[in-house]
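Undergrad: This structure is in structure tokens; I'll ask about it shortly.
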Amino acid sequence: MRIKTKKIMVVFGTRPEAIKMCPLVNELKSRNNFITKVCVTGQHKQMLDQVLESFRIEPDYNLHIMKENQTLFDVTINILDKIKEVLDYEKPDLVLVHGDTSTTFVTALAAYYNQIAIGHVEAGLRTNNIYSPFPEEFNRQAVSIIARYNFAPTINALQNLMRENIDRSTIYVTGNTAIDALRTTIKQDYKHPIIDWAKGSKLILITAHRRENLGEPMRHMFNAINRIVSEFEDIKVVYPIHLNPIVRNLANEIFSNNARIRLIEPLDVVDFHNLMNASHLILTDSGGIQEEAPSLGKPVLVMRETTERPEGVEAGTLKLVGTEEKNIYDSFKLLLTDVNEYQKMAQSNNPYGDGFSSKRIVDIIEKNFWSE
């Protein structure tokens with residue numbers, strides 16, 4: 001008997017997207033009734049390649065859109081132009097996109113123009129401020145309007161979509177695929193030179209790169225961290241620094257004379273997750289870390305004015321500290337000096353999933369395709 005198949009195209013372009021979509025790709029490829037095609041836009045390049053290698057995924061298409069000093073206009077035009085040929089040739093039954101990047105929005109738009117069904121993984125995150133984060137808040141809201149499947153990671157995300165009058169029959173609560181990735185990347189016997197360097201100290205992990213924080217907000221963030229490191233001799237800081245030259249120049253300016261702050265190149269996903277696991281606490285303006293760290297029992301100070309992940313704040317594992325130097329300094333110092341405050345955050349439950357979100361998503365697609 002011939003097995004009926006459907007063609008699924010998974011499209012992503014940045015490192016954070018890849019971390020969350022690679023477990024889903026591998027789940028799709030484990031099913032014999034799907035033909036799975038992977039298209040990467042190359043919105044990130046080296047950082048994206050590291051993740052693909054870690055999950056042993058070879059893309060069927062790479063649009064190679066990345067170029068030096070690219071703007072949002074460049075990204076949008078280049079993806080829209082190049083992905084049309086791929087969609088025309090492959091004619092997938094469903095295109096899966098993730099989250100809120102320019103790759104996500106433009107790919108969904110192209111699929112919509114071709115009248116191809118869209119599945120939106122990590123749907124329903126909201127700050128309800130169209131410029132924070134920018135342009136991500138617009139991107140994710142726009143994709144929800146045209147998606148046939150909205151895979152919401154939490155009940156809160158589902159409620160956000162329903163408030164926007166998104167058809168309830170398109171929304172499925174699945175958990176977050178970020179937690180799936182951790183199940184395969186965390187190693188109990190992991191070793192790294194940074195862990196050896198920090199031995200006997202509390203290792204603090206930093207990430208900072210968000211577009212709306214460039215300039216003075218980021219200067220305030222870095223100044224607060226620098227002050228704390230100067231005051232507390234029992235901590236060491238590692239900062240896998242983003243490739244953006246604006247971020248690098250400012251970090252070098254502020255941190256270069258502090259021997260207990262290490263600026264290192266971006267890490268592959270296995271190294272990054274395991275350094276996160278080895279850290280005492282994390283300061284970030286990233287989104288994905290807000291979901292991953294609670295699974296590892298790591299308190300997170302979120303250096304942003306808004307977060308689309310309020311579940312972590314409500315659970316107590318995240319604290320939104322903004323970008324003002326004093327607020328970051330005070331919150332950072334409190335977690336270093338108050339054991340009870342630290343333990344409250346470290347022992348909070350993770351509201352983002354159990355590591356089986358990819359299986360749920362593929363089960364939903366499978367069931368719906370063959371019942372339609």
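All letters in the sequence shown, in the order written, are residues 1 to 372 by full-length UniProt numbering.
Note that CB positions come from ideal geometry on N, CA and C, so glycine has one too.
Please read these numbers as outputs of a predicted model, since none were measured by experiment.
(1) Just list the alpha helix (DSSP H) runs in the region 222-296, keeping only unbroken ones of 4 residues or longer that don't cross its boundaries, in chain order.
(2) When you compare the CB positions of F67 and F34, do they come within less than 8 Å of one another, or not?
(3) Give the single residue among F232, A110, E212 whose Cα lies nearest to the Cα of L80.
(4) For the pair the region 170-178 and the region 347-357, tell me if three or more CB-CB distances fall below 8 Å.
(5) Just tell me which of V302, S358, S286 has its CA closest to the CA of R183.
(6) Quick one, which of L72, S102, M9 has its alpha-carbon nearest R15's?
(7) Rounded to whole angstroms, what is the Cα-Cα separation between K344 and A198?
(8) Measure from the alpha carbon of E341 to the alpha carbon of each residue in I365, Y329, G316, then state which is nearest.
(9) What separation, rounded to the nearest whole angstrom, lies between the Cα atoms of M1 and N32?
(10) Could you say which of K326, F222, I289 lies nearest to R309 if we only look at CA atoms?
(11) Excluding sequence positions up to five away, which residues of its chain have a Cβ less than 6 Å from the Cβ of W370?
(12) Can you tell which of L336, N244, G42, I118 has the C-alpha that lies nearest to the C-alpha of K201?
(13) With a floor of 3 residues, list each beta strand (DSSP E) that falls wholly inside the region 8-95, ordered by position along the chain.
(14) Taking the straight line between their C-alpha atoms, what separation do you get for A181 and P23?
(15) In terms of residues, what are the limits of the alpha helix (DSSP H) holding L109?
(16) By DSSP, does N150 sit in helix, in strand, or in coil?
(17) Pull up the distance between the alpha-carbon of N165 and that of N327, whole angstroms please.
(18) Among all the DSSP beta bridges, which residues are the ones paired with V313?
(19) According to DSSP, is M1 part of a helix, a strand, or is it coil?
(20) Within the same chain, show all residues whose beta-carbon is closer than 8 Å to that of K29, passing over the 5 residues directly before and after it, in chain order.
(21) Where does A259 land, buried or exposed, given buried means 16+ other C-beta within 10 angstroms?
TA: On the basis of the supplied data:
(1) 245-255, 269-278, 288-296
(2) Counted from its first residue, the sequence shown places residue 67 at position 67. Counted from its first residue, the sequence shown places residue 34 at position 34. It is worth fixing the name first, because residue 67 is Lys in this sequence and not Phe. Result no, Cβ atoms of K67 and F34 do not sit closer than 8 Å.
(3) In the sequence shown, residue 80 corresponds to position 80, counting from 1. Here the closest residue by C-alpha is A110.
(4) yes
(5) Sequence index remark: in the sequence shown, residue 183 carries index 183 (1-based). Cα-wise, what sits closest to R183 is S358.
(6) Residue mapping note: residue 15 aligns to position 15 of the sequence shown, counting from 1. Ranking L72, S102, M9 by Cα distance to R15 puts S102 first.
(7) Along the sequence shown, read from residue 1 onward, the residue named residue 344 stands at position 344. Along the sequence shown, read from residue 1 onward, the residue named residue 198 stands at position 198. Approximately 24 Å, taken between the alpha carbons.
(8) What you label residue 341 is simply residue 341 of the sequence shown in a count that begins at 1. Nearest C-alpha to E341: G316.
(9) Residue mapping note: residue 1 aligns to position 1 of the sequence shown, counting from 1. Residue mapping note: residue 32 aligns to position 32 of the sequence shown, counting from 1. Any answer about M1 is weak, because its pLDDT of 44 lies below 50 and its placement is not dependable; what the coordinates show is given next. The alpha-carbon atoms of M1 and N32 are separated by roughly 13 Å.
(10) Your numbering for residue 309 matches position 309 in the sequence shown. Cα-wise, what sits closest to R309 is I289.
(11) In the sequence shown, the residue the question calls residue 370 occupies position 370. Cβ within range, chain order: n/a, list empty.
(12) Walking along the sequence shown from the start, residue 201 turns up at place 201. Here residue 201 turns out to be Ser, not Lys, going by the sequence shown. Among L336, N244, G42, I118, the Cα nearest to that of S201 is on L336.
(13) 34-40
(14) Working through the sequence shown from its first residue, we reach residue 181 at position 181. Working through the sequence shown from its first residue, we reach residue 23 at position 23. Taking the straight line joining both Cα atoms gives about 6 Å.
(15) Here the question's residue 109 lines up with position 109 in the sequence shown. That run of the alpha helix (DSSP H) goes 102-113.
(16) Your numbering for residue 150 matches position 150 in the sequence shown. Strand.
(17) As a position in the sequence shown, residue 165 is number 165, starting the count at 1. As a position in the sequence shown, residue 327 is number 327, starting the count at 1. The straight-line gap from Cα to Cα measures roughly 37 Å.
(18) To locate residue 313, count along the sequence shown from 1; it is residue 313. Answer is none; V313 lacks a bridge partner.
(19) Residue mapping note: residue 1 aligns to position 1 of the sequence shown, counting from 1. With a pLDDT of only 44 at M1, under the threshold of 50, the placement of this residue in the model should not be trusted; the figure read from the coordinates follows. It is coil, neither helix nor strand.
(20) Taking the first residue of the sequence shown as 1, we reach residue 29 at position 29. So the qualifying residues of the chain are T36.
(21) Taking the first residue of the sequence shown as position 1, residue 259 is located at position 259. Exposed is the call here.
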